[in-house]
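Heads up, the sequence shown is in my numbering, so the first residue is 629 and it goes up one at a time. Idealized CB from N, CA, C, for every residue including glycine. Source: prediction; values computed, not measured. Below is one structure, written out as structure tokens, with a few remarks after it.
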Amino acid sequence: MKTTAFLFVFLLGLSFAQGFDFFYFVLQWPGSYCDSQHSCCYPLSGKPASDFGIHGLWPNNNDGSFPSNCDPNSPFDSSQISDLTNSLNANWPSLSCPSSNSESFWTHEWQKHGTCAESVFDEHGYFSAALDLKAKADVLQMLSSSGIEPNNNSYDLRSIKGAIQAGIGHEPGIECNKDRSGNSQLYQVYLCVDSSGSSFVSCPVLPSVSCSSQVVLPSF
């Protein structure tokens, strides 16, 4: 009986130990989140800086598939990242409505994506790794160095990709959404990271998203 119980627990653990090949590190432009049909709400910590914010660090596979919600027995625990809260508020704010302290956003990201990387990170390590990657990837400065500014003007999509590739060393994925006038605008940037969650790499597969050839970068 004890052997059967042990085997059940062992196999249950294996079911949560999802493998993956690399991470998408996804950065979001707040101006494009807010300038859409859905609008936005600033977090309780105040209006975020005019900079790309973290959306998530997502385990992915080379064939384009991805694991999700891997371990229901590992719930988000805010006490585990209390020393990171100020940095998370600054770099990983929630813009969804109603206004919140962003913990629901972090909870979602940990439960859906972070629990699938527990072979690499515990909860603190997961959020700390994302903050470290954000510090390495100053996408706004990369764009600015190529004359691409958040000023509501349109820019060539190839120029946007080229500016980020020059800064990171690898081709990014670019996701657009529509502003209230129906224009294509720069919404999210996908950067690929090795399976240790520490170094940017060439993307084995880029996300299947679409943008127009001319893309607006709205102010925020």
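Is Pro846 helix, strand or coil by DSSP? Under the three-state reduction of DSSP, Pro846 is assigned to coil, being neither helix nor strand.
Using only the alpha-carbon positions, how far apart do Glu799 and Ser773 sit? Taking the straight line joining both Cα atoms gives about 17 Å.
Give every residue of the same chain whose Cβ lies closer than 6 Å to the Cβ of Cys831, excluding the five residues on either side of it in the sequence, and list them in chain order. The residues Cys820, in chain order, have a CB closer than 6 Å to that of Cys831 in the same chain once the five nearest residues on each side in sequence are set aside.
Can you tell me which of Asn701, Phe828 and Gly659 puts its alpha carbon nearest to the alpha carbon of Leu761? Among Asn701, Phe828 and Gly659, the Cα nearest to that of Leu761 is on Phe828.
Taking all protein chains shown into account, do 16 or more other C-beta atoms lie within 10 angstroms of the C-beta of Asn701, making it buried, or fewer, making it exposed? Counting Cβ neighbours within 10 Å, Asn701 comes out exposed, since fewer than 16 surround it.
Can you tell which of Gly659, Tyr661, Lys789 and Thr743 has its C-alpha closest to the C-alpha of Asp699? Of Gly659, Tyr661, Lys789 and Thr743, the smallest CA-CA separation from Asp699 is found for Thr743.
Nearest to Cys669 by alpha carbon, out of Asp711, Gly810, Pro721 and Asn714? Answer by Cα proximity: Pro721.
The alpha helix (DSSP H) spanning Ser710 covers which residue range? Careful: Ser710 lies outside any alpha helix (DSSP H) and carries neither H nor E.
Leaving out five residues before and five after Asn729 in sequence, what residues of the same chain have Cβ atoms less than 6 Å from its Cβ? If we look at Asn729 and ignore the five residues flanking it on each side, its Cβ neighbours are Leu672.
Confirm, please, whether the CB-CB distance from Ser812 to Cys839 is below 7 Å. Yes, the pair counts as a contact, with Cβ atoms nearer than the cut-off.
Got a sec? Which residues, its chain only, sit under 8 Å from Leu640 by beta carbon, not counting five neighbours each side? Note on Leu640: pLDDT 42, under 50, position unreliable in the model; the coordinate value appears next. Counting only Cβ-Cβ distances below 8 Å, and skipping sequence neighbours, we find nothing.
Just curious, the beta strand (DSSP E) that His683 is in, first and last residue? First-last of the beta strand (DSSP E) with His683: Gly681 to Asn688.
Beta strand (DSSP E) containing Phe650: first to last residue? Element bounds for Phe650: Phe650 to Gln656.
Going straight from the alpha carbon of Asn781 to that of Asp807, what length do you get? Cα to Cα, the separation comes out at about 13 Å.
Which complete beta strand (DSSP E) runs does the segment 762 to 821 hold, if anything under 3 residues is left out? Whole beta strand (DSSP E) segments, 3+ residues: 781 to 784, 801 to 806 and 812 to 821.
Take every Cβ of the segment 653 to 669, pair it with every Cβ of the segment 710 to 718, and state whether three or more of those distances are shorter than 8 Å. No: the two stretches stay apart, fewer than three of their Cβ pairs being nearer than 8 Å.
Identify, in the order they occur along the chain, each residue of the same chain with its Cβ nearer than 8 Å to the Cβ of Phe648, setting aside the five sequence neighbours on each side. The beta carbon of Phe648 is closer than 8 Å to those of Pro687, Asn688, Asn689, Phe694, Pro695, Cys744, Ala745 and Ser823 in its chain, skipping five residues each way along the sequence.
Pop quiz: Met770 and Gly795 are said to be a contact at Cβ under 8 Å. What is the actual Cβ separation, rounded to whole angstroms? Yes, Met770 and Gly795 are in contact; Cβ-Cβ is about 3 Å, under 8 Å.
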